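For what it's worth, our numbering labels the leading residue of the sequence shown as 1, then goes sequentially.
All residues carry an ideal CB built from backbone N, CA and C; glycine is no exception.
Note that the structure is predicted; figures quoted are calculated from it, not measured.
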Amino acid sequence: MSKQKRNRAKKIKRIKEFRKERTREGEGHPRFFFKKIGRRLFGLGITHGERKDGLNTIKLAKNPEPHPTNKKAARIVPKIEEVPERDLSNRLIGWAFSEEDEKTVNDLIAELEKKQNK
Numbered sequence: 001m002s003k004q005k006r007n008r009a010k011k012i013k014r015i016k017e018f019r020k021e022r023t024r025e026g027e028g029h030p031r032f033f034f035k036k037i038g039r040r041l042f043g044l045g046i047t048h049g050e051r052k053d054g055l056n057t058i059k060l061a062k063n064p065e066p067h068p069t070n071k072k073a074a075r076i077v078p079k080i081e082e083v084p085e086r087d088l089s090n091r092l093i094g095w096a097f098s099e100e101d102e103k104t105v106n107d108l109i110a111e112l113e114k115k116q117n118k
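Here you go:
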């Protein structure tokens, strides 16, 4: 393998950030991203609906959005989505999961990645 190809090898980087997708399909919905490979981010969608893409969503204890007027319950979509970085907004400042929700999300990510690797 040439030196140039070795330098292009994609490294897996663990991240914790919220961003919004800027495409028609993404509809500006926020997502929580936990992994980055090259210029592609892997994450879970956040929504208010009880179902998304035919899947039942998981209710969070607290909305991760810091805006005090958003009292709607947030839900997480149990499906890993791969999104190119160019289709995403900058990081959303102030967004965070509560301690209880962080444990739920981390367990969900571990379960989904385990299924994906089979």
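| Query | Result |
| --- | --- |
| Terminal residues of the continuous alpha helix (DSSP H) containing residue 109? | 99-116 |
| CB-CB under 8 angstroms to residue 90, same chain, minus the five flanking residues each way: which ones, in chain order? | 19 |
| According to DSSP, is residue 86 helix, strand or coil? | helix |
| Would you mind giving the Cβ-Cβ distance between residue 24 and residue 88, rounded to the nearest angstrom? I have them listed as a contact below 8 angstroms. | 14 angstroms between Cβ atoms; not a contact. |
| Tell me which same chain residues have a C-beta within less than 6 angstroms of the C-beta of residue 36, skipping the five on either side of it? | 13 and 15 |
| Out of curiosity, what's the CA-to-CA distance linking residue 84 and residue 39? | 6 angstroms |
| Could you tell me the alpha carbon to alpha carbon distance between residue 34 and residue 81, rounded to whole angstroms? | 11 angstroms |
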